[in-house]
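Presented below is the structure to which this report refers.
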Amino acid sequence: MAEAVAKFTFVFCCFAPVHLLLDFWCDTMGAFLDKPKMEKYTSHGEGNSLKFGLSSMQGWRVEMEDAHTAAVSLPHGLDLWSFFAVYDGHAGSQVAKYCCEHLLEHITTNPDFQSALQEETCVDSVKNGIRTGFLQIDEHMRTISEKKHGVDRSGSTAVGVLISPTHVYFINCGDSRALLSRAGAVHFFTQDHKPNNPLEKERIQNAGGSVMIQRVNGSLAVSRALGDFDYKCVHGKGPTEQLVSPEPEVYAIERCEAEDEFIILACDGIWDVMANEQLCDFVRSRLEVSDDLERVSNEILDTCLYKGSRDNMSVVLVCFSGAPKVSPEAVNRELELDKYLETRVEEIMKKQGDEGVPDLVHVMRTLASESIPNLPPGGELASKRGVVEAVYNKLNPYRNDDTDSASTDDMW
């Protein structure tokens, strides 16, 4: 175990982005498993001319702290509305779980939101109603926690979309992220709430706090979240003026039926290793080879795991009628790519000869050094590790599973 940790630490520190290094050193090694838990929870559905698929994976973390919501045809007279959200919990899963079960109700039943539905021009009022729902549920959770067993120290980000017949309301509180792909490009994405953002930093300092190593008081990596009540007890300050604010940013985007393709909601375990454009390109390429949104969501998680994500991972993919459709040409290219990779893996393994069977890391590194045509954009070779590993395992039935299959952190 010690040798494996040392090996990972060396590889990670050499190649990881600075923000991941900070998170790595600020977390204890005890927060991670020896091997990632790759089992997934998946779901899919459709309604209101939308289709969705979602997937979540515990990954390297000791606990699964993510949660999600997916609902079409909402109650309270909102039959034509839909709601999707991802919650990334920290210091426990209690807040994330409570939000996934109750946040939508707090939004749609508060007087500000209900009154907005009676107006002809209600966009700004809907946004205000969403904000009210966040502040209400945060205060409600604090009250419940204090009555039951003292203050719960867990917290959660929340990123969601409330989709009406005319608008998409993007909702963000924390560093999970949502984006809209329109006409083949990233049209909109939410902004992460990080402590080093000038406006966030100003609020933190005004509340008597500080930002150290890009964290609130050197500890919390997000500047807005639900829960985290230890950071919301500055006397004389309102709920949106605390060290950590529960106030969401809400953006209203008018729908464009001819050009809107899909929405991606994901926790930072995804965005840590894939940029907006990369993930959009990858999803677009996957939709051209499969209309199974659960499968596409699973591929996102696997690809991010193999790209080095060490966090819980959750993604919700919502497709409009204008989403890319399965293309026979793209399907054929995918089949040809898989066959090419199978052939190359066989060649690499046979080439070793008397030196013995190479390990999977060697095979992946060899492939990474080559120019391979038609790899999925954004995912690249990492998105095809499953294909490579399947061929490797077939040709090497006596492999050591502990050193081969589980080596997701040093695939290159």
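With mature numbering (1 follows the signal peptide of the UniProt record, and there is no 0) applied, the sequence shown covers -20 to -1, 1 to 392. Yeah, the Cβ is synthetic: ideal placement off N, Cα and C, and Gly gets one too.
- Please state if the CB of Asp68 and the CB of Pro226 are separated by a distance shorter than 7 Å. In this structure, Asp68 does not lie closer than 7 Å to Pro226 by Cβ.
- So is Cys213 buried or exposed if we call it buried at 16+ other beta carbons inside 10 Å? exposed
- Cα separation between Gly366 and Ser301? When rounded, the distance between both Cα atoms is 30 Å.
- When DSSP labels each residue in this structure, what does Ile243 get in the three-state scheme? strand
- By a C-beta neighbour count over all protein chains shown, 10 Å radius and 16 as the cutoff for buried, is residue 393 buried or exposed? With the chain represented from -20 up to 392, any question about residue 393 goes unanswered, as that position is not in the structure.
- Message: Quick check for students: name the residue ranges of the beta strand (DSSP E) that lie wholly in the segment 158 to 245, counting only runs of 3 or more.
- Response: 165 to 169, 229 to 234
- How far does the alpha helix (DSSP H) with Cys299 in it reach, from first residue to last? Premise fails: Cys299 lies in the beta strand (DSSP E), 293 to 299, not in any alpha helix (DSSP H).
- Query: Counting along the chain, where does the beta strand (DSSP E) carrying Cys153 start and finish?
  - Reply: Per DSSP, Cys153 belongs to the beta strand (DSSP E) from 147 to 153.
- Message: Using the Cβ count rule (16 or more neighbours within 10 Å means buried), how would you classify Ser62?
- Response: buried
- Message: My assumption, with CB atoms under 8 Å, is that Ser136 sits in contact with Ala205. Please give the rounded CB distance.
- Response: 6 Å
- Item | Ile151 at chain B interface by Cβ criterion, 7 Å | The structure shown contains no chain B; it is built from a single protein chain.
- Message: Just verifying my parser: in three-state terms, what is the DSSP assignment at Ser351?
- Response: Note: Ser351 maps to coil in three-state DSSP.
- Query: Since Glu19 is in the beta strand (DSSP E), which residue starts that stretch and which ends it?
  - Reply: Boundaries of the beta strand (DSSP E) harbouring Glu19: 12 to 27, taken from the DSSP string.
- Please report the Cβ distance between Leu245 and Ala158, rounded to the nearest whole angstrom; I am assuming they are in contact, meaning their Cβ atoms lie under 8 Å. 5 Å
- Tyr67 (DSSP reduced to helix, strand or coil): Strand at Tyr67.
- C-alpha gap between Asp172 and Asp155, whole angstroms: 4 Å
- Query: Near Gly288, which residues of its chain fall below 6 Å by C-beta distance, leaving aside the five closest residues on each side in sequence?
  - Reply: Val253
- Exposed or buried, Gly198, counting other C-beta atoms within 10 Å across all chains shown (16 or more means buried)? exposed
- Query: According to the Cβ coordinates, are Leu34 and Ala50 closer than 7 Å?
  - Reply: Yes, the Cβ-Cβ distance between Leu34 and Ala50 is below 7 Å.
- Item | Inter-residue spacing [alpha-carbon to alpha-carbon] between Ser265 and Ile280 | 12 Å
- Item | Val42 and Ala76 closer than 7 Å at C-beta | No, the pair does not count as a contact, with Cβ atoms beyond the cut-off.
- Just list the beta strand (DSSP E) runs in the segment 44 to 118, keeping only unbroken ones of 3 residues or longer that don't cross its boundaries, in chain order. The segment 44 to 118 contains, as complete beta strand (DSSP E) runs of 3+ residues, the segments 46 to 54, 58 to 70 (chain order).
- Starting from Arg133, trace the alpha helix (DSSP H) both ways and give me its first and last residue. Counting along the chain, Arg133 falls outside any alpha helix (DSSP H), and DSSP gives it neither H nor E.
- Task: Following the continuous alpha helix (DSSP H) through Ala370, name the residue where it begins and the one where it ends.
- Result: Under the DSSP assignment, Ala370 falls in the alpha helix (DSSP H) whose first and last residues are 365 to 375.
- Message: Our contact map puts Phe242 next to Ser161 with C-beta atoms below 8 Å; I'd like the distance itself, whole angstroms only.
- Response: 5 Å
- Query: Short check: CB of Leu321 to CB of Val269, under 7 Å?
  - Reply: no
- Where DSSP assigns a beta bridge to Lys31, which residues make up the other side? Glu26, Cys299
- Item | Residue ranges of each alpha helix (DSSP H) within the segment 303 to 346, 4 or longer | 308 to 331
- Query: With 16 as the cutoff for other CB atoms within 10 Å, does residue 397 come out buried or exposed?
  - Reply: The chain is shown only over -20 to 392; residue 397 falls outside these bounds and no answer can be derived.
- Message: Measuring only the C-alpha atoms, how far is Asp59 from Arg235?
- Response: One C-alpha to the other measures close to 17 Å.
- Message: Rounded to whole angstroms, what is the Cα-Cα separation between Gly72 and His147?
- Response: For Gly72 and His147, the distance between alpha carbons rounds to 34 Å.
- Message: Once the 5 residues before and after His56 are set aside, which same chain residues still bring their CB inside 7 Å of it?
- Response: Thr88, Thr89
- Message: By the DSSP assignment, the alpha helix (DSSP H) with Val276 in it spans what residues?
- Response: 273 to 286
- Message: Quick check: what's the CA-CA separation for Tyr107 versus Cys80?
- Response: As written in the sequence, residue 107 is Lys, which differs from the Tyr given in the question. Going from the Cα of Lys107 to the Cα of Cys80 covers about 19 Å.
- Query: Between the Cα of Cys299 and the Cα atoms of Val141, Glu99, Met121, which residue gives the shortest distance?
  - Reply: Distance check between Cys299 and each of Val141, Glu99, Met121 places Val141 closest, using alpha-carbon atoms only.
- Return yes when the Cβ of Leu315 is within less than 7 Å of the Cβ of Leu297, no when it is not. no
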